[in-house]
Amino acid sequence: MMRKFLLGILFVPFLLTSCCKDKTLNITGEWSLISVETRAVTIGGEEVDVYIAFNADKSFQIYQMLGTGRYRLYTGTWSLLDGVLSGKYSDGTFWGSSYDVELESSNTILKLTSKSAVAEVDTYKKTPIPDSVKSNALLPK
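Numbering of the sequence shown is given in our numbering, commencing with residue 14 and proceeding in unit increments.
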């Protein structure tokens, strides 16, 4: 009886650590959009290419190209609290949604699941933003 009790006590720390998720997520770095999953009926016909840099000072740069042409640069600030990412553009406009954050594959894959009514999962791969993208990007109108 005592032996079973001691074995039970030994397993309690393992049970506690396995059910508690570590919310310390480090998303700083440069990322490239590799897939978008949405439950929307239509997503439009344009191809989209996105790079995003999350900086340690909580600033971000988004380089976005819709269809063909040049990338547009959007800047602002971001915050990550309890696994939820939110942000605000430099013009004071908040992002259209906040996102649940998951890091996978040794922190090289970033999954952002929107908290809006239209659930969207954006998957990014950690990769340097090409200098050609940075140097040729247009500021938004």
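C-beta: ideal position from N, C-alpha, C; glycine also. This structure is a prediction, so every number in the text was calculated from the model and none was measured.
- Could you name the residues of the same chain whose beta carbon sits closer than 7 Å to that of Ser48, not counting the 5 residues immediately before and after it, in chain order? Thr136
- Measuring CB to CB, does Tyr84 end up less than 7 Å from Ala150? yes
- Message: Using a Cβ-Cβ cutoff of less than 6 Å, which residues in the same chain neighbour Gly100 once the five nearest sequence positions on both sides are dropped?
- Response: Gly89, Trp91 and Trp108
- Query: Val63 to Leu116, Cα distance in whole Å?
  - Reply: Their Cα atoms are separated by approximately 18 Å.
- Task: Can you give me the Cβ contacts of Gly96 inside the same chain, cut-off strictly under 7 Å, excluding the 5 residues immediately before and after it?
- Result: Lys36, Leu38, Asp113 and Val114
- Just the C-alpha distance for Thr106 and Leu86, rounded to the nearest angstrom, thanks. 15 Å
- Task: Taking Val134 and Glu60 to be in contact with their CB atoms under 8 Å, please state how far apart those CB atoms are, rounded to whole angstroms.
- Result: At roughly 18 Å, the Cβ-Cβ gap does not stay under 8 Å, so Val134 and Glu60 are not in contact.
- Ser111 vs Lys128 beta-carbon contact at 7 Å: yes
- Query: Does the beta-carbon distance from Lys138 to Ser72 come in below 7 Å?
  - Reply: no
- List the residues that DSSP assigns as beta-bridge partners of Leu152. The partner list for Leu152 (beta bridge, DSSP) is empty, contrary to what the question assumes.
- Query: Given a threshold of 16 other Cβ atoms within 10 Å of its Cβ, counted over all protein chains shown, does Leu123 qualify as buried or as exposed?
  - Reply: buried
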